[in-house]
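I have placed the structure first, in the form of structure tokens, so that the comments after it can refer back to it.
Protein chains: 2
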Amino acid sequence: MTLDPVLARIDANLDAATERLLDLLRIPSISTDPAYKADCDTAADWLVEDLKSIGFEASKRPTPGHPMVVAHSGGDGPRILFYGHYDVQPVDPLDLWDNNPFEPQIQDTAKGKVIRGRGSSDDKGQLMTFVEACRAWTKIHGTLPANITIFFEGEEESGSPSLTPFMRENAAELTADIALICDTGLYGEHTPAIITQLRGLLGDEITITGPNKDLHSGMYGGLAMNPARVLAKIIASLHDEDGRITVPNFYDGVPELSNELAAAWDDLKFAEKDFLGAVGLSIPAGEKGRRPLEMIWSRPTCEVNGMTAGYTGDGFKTVLPSKASAKISFRLVGMQDPFKIREDFRKMVEAMIPADCSVSFKDHGAGPAGQMSTSDPAFAKAREALTDEFEKTAAYVGCGGSIPIAGYFKSILNMDAMLIGFGKDDDQIHSPNEKYDLSSFHKGTRSWARILHALTK
Amino acid sequence: MTLDPVLARIDANLDAATERLLDLLRIPSISTDPAYKADCDTAADWLVEDLKSIGFEASKRPTPGHPMVVAHSGGDGPRILFYGHYDVQPVDPLDLWDNNPFEPQIQDTAKGKVIRGRGSSDDKGQLMTFVEACRAWTKIHGTLPANITIFFEGEEESGSPSLTPFMRENAAELTADIALICDTGLYGEHTPAIITQLRGLLGDEITITGPNKDLHSGMYGGLAMNPARVLAKIIASLHDEDGRITVPNFYDGVPELSNELAAAWDDLKFAEKDFLGAVGLSIPAGEKGRRPLEMIWSRPTCEVNGMTAGYTGDGFKTVLPSKASAKISFRLVGMQDPFKIREDFRKMVEAMIPADCSVSFKDHGAGPAGQMSTSDPAFAKAREALTDEFEKTAAYVGCGGSIPIAGYFKSILNMDAMLIGFGKDDDQIHSPNEKYDLSSFHKGTRSWARILHALTK
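Residue numbers (my numbering), protein chains in the order written: chain A, 231 to 687; chain B, 231 to 687.
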């Protein structure tokens, strides 16, 4: 089957494809907030209907949380699984958005047209690149060049609690020769990239209780323990002066960067000043003596994602708070064991709780880092297809984010995964005013058409 | 004029007096929250009408904030000013209240009847003890034994921004021979007390900004500075290992406890285990080597009253926050200079802000500590009157809270102030389920009748 007419059809039908994406973006499928449960369901229904319209046998599959969408093309050729997620991040602070996050718009910017709205880049815009590539193949050739299974989840932004049970229960149905994952970005503005390593993620919430109720800071201040001080001390102790994390045994399983990879990454000429400058910063804040790219791709981190105690409204309240809490996450690399680290972290915290306070923990998920085996010939084929589309050699890169699905495909379904995406650093995912370049959507769709061709010709 | 019939009238009319207090408690006069501005006004009107009904020339006096209430009895005898405040603390967290905080109730408890509702003890119940004492004097004798001015403010719980300008503009009208302030408590359950020293208060809010927007902690974590970590480090550094505050020059002007006062306080046999036990704590958490009573009465403190950064809702959001902020207050003693301390505190914080972050401050008020001169014979007279009412020797005590009005009466109007109140440690002021013992209300009213008699006979 020939590629060129497929690419031509994608070009000719870009407007209609964009309209379909806008439809999907209008559904506020925020998975972490129970108020949007019905909307997550609606997004799954929308995808099932769209996949049916291009010949997939598609269904919404219940889980204890938000549903999965699974669709099969059937047919001959290699078995390919494609993964994306239809859920999106919360939108607060809402007042920092220039438009309603769920009334997406096509906007002209100095860098070209963008699709603005929550989920445009993470991940609805990205997953639709693959769906649109399939649509074009089907319209031109009446069939797809491979036996494709599409697998969308709706809990990626809330820790994927149902993912591994579902994969285990449906292992035979989901197993393919290779998995394709579209939830990542280009390297810089124009260089296509295949992720070969991903950081893992461990999320934990600690709540420290001191007095059994909020107290008057005049009556009790000086005599009563303030849990906000205890929490601050714990958070302040999590890094040493060199930016290293102090949790015992934390660096067990963290590999040194190989000379080969170090050289390849140096060749990428990462412009950390621009990367940080875009968000109002200028100084790499990670471990001393590490390359900026190492800091985000191959070194583990510990971040406070949220923290609260006492009175946080307008004005002032002289309260000595009963409770103080923080949401803390670790990005993991190499062979770091998230479960061991959670245990060591909790022990460390417990050891810092004074006699008059207590601490409780809430588990917010744990997944190990991922390392791809690039010796699979599919990597070279996909790299060539991306190079053809972008007219620039595709790079093998790391990723600071955590897409545990890649590791699960390996450990549960025993298949390799290629992470290929078209987002850009300035897409503002997880932030107000998220966008996806129209060129990302267009070239992304063309790229998948090329990759399907490359993997099956 | 005789005292006994006045006391008898107070006893006979307790129910009606209580009903009046409940009326006042129903008005949600929360001064710190602009949403309750009209309610503050309503509370002032209520007081003006009530004072007029017992013969005062009373008026509501506008300020840039909430109004003052000023009332004059006229007449002969010594000039006495009485101060209280009609505003109340916010009520959150509302779900911890057993009844609506503004639907006050008389409840039976193991320790006797209590008046339950926001402001019952702080300070509406207390100010009404004086009003009811005046009412009884007037009803029995047709007049008051002194030339009394009543002065109520409506901004005590929100930093009293209008207080000193108003006092300066109306100095002649407000100046008396002595001031009486009713915003404090008994010592323990049954010992009447006159406060002879009060801690000052300095409130400041710090906001640290790192990146110019919330970031994805995977994409940026490790490379971008997290302001929550910076804030935690600052808060953790405010106390040393011995519980001493590390702000430079902070202890300038902090006096050592005199041997005489130390002995008097030791005689009070402060039961710190009970005091802390009532709020779920057991270990005095202040400076090492200090008596528990010193920690709350005569040592300065630094407390985090509120703290927030990043995502604090349900679930988890892997955000690297743009901002982190904390409301911090200092309780001051002796001759500590709040303005100098604010300057030193801000310099210390600024010195800890890394190059990539910025900090801003918000002033939440500053007032020095207060020290009364007990050589004024009024102190001995009031002490005797309280001793008669409670049949227990009244104590001269310290107070951990901050009632800057006492200092202002001295510095602006050049008059001494006696702080006498009837609250109890378990009144839960500033907390859910605030209450005022009906016996506090009753014996408080009788005490003021006695004190008016003692000061004027």
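The C-beta atom is built at its ideal place from N, Cα and C for all residues, glycine as well.
The structure displayed is predicted, hence computed values, not measured ones.
Between which residues of its own chain and S192 (chain B) is the CB-CB distance below 6 angstroms, once the five residues before and five after are set aside?
Since the first and last residues shown for chain B are 231 and 687, residue 192 (chain B) lies out of range.
Which residues in chain A sit within 8 angstroms of S388 (chain B), going by Cβ to Cβ distance?
What S388 (chain B) touches in chain A: G545 and F546.
Three or more C-beta pairs closer than 8 angstroms, one from the region 600 to 609 of chain B and one from the region 417 to 424 of chain A: is that the case here?
Verdict: no, contact absent.
CA-CA distance, I240 (chain B) and T232 (chain B)?
The alpha-carbon atoms of I240 (chain B) and T232 (chain B) are separated by roughly 14 angstroms.
Taking the alpha-carbon positions, what's the H580 (chain A) to L468 (chain A) distance?
Reading off the sequence, residue 580 (chain A) comes out as Glu, not His. C-alpha separation (whole angstroms): 13 angstroms.
For M565 (chain B), which residues in the same chain have their Cβ closer than 6 angstroms to its Cβ, ignoring the five residues on either side in sequence?
If we look at M565 (chain B) and ignore the five residues flanking it on each side, its Cβ neighbours are G483.
Of all Cβ atoms in chain B, is any one closer than 8 angstroms to the Cβ of R521 (chain A)?
Output row for R521 (chain A): interface = no.
Please name the residue, chosen from A:E471, A:S283 and A:M397, that lies closest to G519 (chain A) on a Cα-to-Cα basis.
Considering only alpha carbons, the answer is A:E471.
Please compile the residues from chain B whose C-beta is within a distance smaller than 9 angstroms of the C-beta of A770 (chain A).
Outside the displayed span of chain A (231 to 687) sits residue 770 (chain A), for which this structure offers no information.
Please report the Cβ distance between G285 (chain B) and N377 (chain B), rounded to the nearest whole angstrom; I am assuming they are in contact, meaning their Cβ atoms lie under 8 angstroms.
No, G285 (chain B) and N377 (chain B) are not in contact; Cβ-Cβ is about 13 angstroms, not under 8 angstroms.
Let me confirm a value: L324 (chain A) is counted as buried when at least 16 other C-beta atoms fall within 10 Å, else exposed. Which label applies?
Classification of L324 (chain A): exposed, given that the 10 Å Cβ count is below 16.
Are the beta-carbon atoms of S661 (chain A) and D434 (chain B) separated by less than 8 angstroms?
Not closer than 8 angstroms, so no.
When the distance is taken between beta carbons, is F480 (chain B) closer than 8 angstroms to I571 (chain B)?
Taking 8 angstroms as the Cβ cut-off, I571 (chain B) and F480 (chain B) qualify as a contacting pair.
Mind checking if R572 (chain B) is an interface residue toward chain A, Cβ cutoff 8 angstroms exclusive?
Chain A contact via Cβ: absent.
Just tell me which of A:A615, A:M455 and A:D328 has its CA closest to the CA of P522 (chain B).
Here the closest residue by C-alpha is A:M455.
Report the neighbours of A454 (chain A) on chain B: residues whose CB is nearer than 7 angstroms to its CB, in chain order.
Within 7 angstroms Cβ-Cβ: L506, V509, L511 and A515.
Within its chain, find whatever has a CB closer than 7 angstroms to the CB of S588 (chain A); leave out the 5 residues flanking it on each side and keep chain order.
Within the same chain, S588 (chain A) has close Cβ partners T439.
Taking the alpha helix (DSSP H) that Q356 (chain A) falls in, what are its first and last residues?
Per DSSP, Q356 (chain A) belongs to the alpha helix (DSSP H) from K354 to H371.
Between Y626 (chain A) and chain B, is the shortest Cβ-Cβ distance under 8 angstroms, so that the two count as touching?
No, Y626 (chain A) does not count as interfacial toward chain B.
Can you give the Cα-Cα distance for D413 (chain B) and A466 (chain A), rounded to whole angstroms?
Those two C-alpha atoms are separated by around 39 angstroms.
Going along the chain, which residues of its own chain have a beta-carbon closer than 7 angstroms to the beta-carbon of F500 (chain B), five neighbours each way excluded?
Answer for F500 (chain B): P522 and L523, listed in chain order.
Which bits of chain B does V477 (chain A) rub up against, with CB to CB less than 7 angstroms?
Within chain B, no residue comes near V477 (chain A); the closest Cβ sits about 14 angstroms away, beyond 7 angstroms.
When you compare the CB positions of S261 (chain A) and E387 (chain A), do they come within less than 8 angstroms of one another, or not?
Yes, the pair counts as a contact, with Cβ atoms nearer than the cut-off.
Rounded to the nearest angstrom, how far is the Cβ of L237 (chain A) from that of P334 (chain A), given a contact under 8 angstroms?
In fact, because the Cβ distance is near 26 angstroms, the residues do not count as touching under 8 angstroms.
State the DSSP-derived secondary structure class of F312 (chain B), mapped to helix, strand or coil.
Of the three classes helix, strand and coil, the one that applies to F312 (chain B) here is strand, per DSSP.
In this structure, how does DSSP classify M449 (chain A) when only helix, strand and coil are distinguished?
Helix.
Give me the chain A residues within the contact set of Q319 (chain B), using Cβ-Cβ distance strictly less than 8 angstroms, ordered along the chain.
The answer, in chain order, is K547.
Nearest-angstrom Cα distance between D606 (chain B) and A556 (chain A)?
Rounded to whole angstroms, D606 (chain B) to A556 (chain A) spans 52 angstroms at the Cα level.
Against chain A, does D205 (chain B) count as a neighbour if the rule is that its beta carbon must be under 8 angstroms from one of theirs?
With chain B running from 231 to 687 in the structure shown, residue 205 (chain B) is simply not present.
Where does the unbroken alpha helix (DSSP H) through T262 (chain B) begin, and where does it stop?
Note, T262 (chain B): premise wrong, no alpha helix (DSSP H); not H, not E.
Got a sec: is the Cβ-Cβ distance from R474 (chain B) to anything in chain A below 8 angstroms?
False, the Cβ-Cβ gap to chain A never drops below 8 angstroms.
Looking at the secondary structure, which residues open and close the alpha helix (DSSP H) in which R676 (chain A) lies?
L668 to T686 is the span of the alpha helix (DSSP H), which, as asked, contains R676 (chain A).
Just the Cα atoms here: how many angstroms apart are K341 (chain A) and P551 (chain A)?
Cα-Cα distance, rounded: 48 angstroms.
Here's the rule I'm using: 16 or more other beta-carbon atoms within 10 Å means buried, otherwise exposed. How should K673 (chain B) be labelled?
Buried is the call here.
For chain A, find out if any of its Cβ atoms is closer than 8 angstroms to the Cβ of A340 (chain B); answer yes or no.
So, not an interface residue.
Extract the residue ranges of the beta strand (DSSP E) inside the region 524 to 559 of chain B, only unbroken runs of 3 or more that lie entirely within it.
Those beta strand (DSSP E) runs which fall completely within the region 524 to 559 of chain B and span 3+ residues are 531 to 540.
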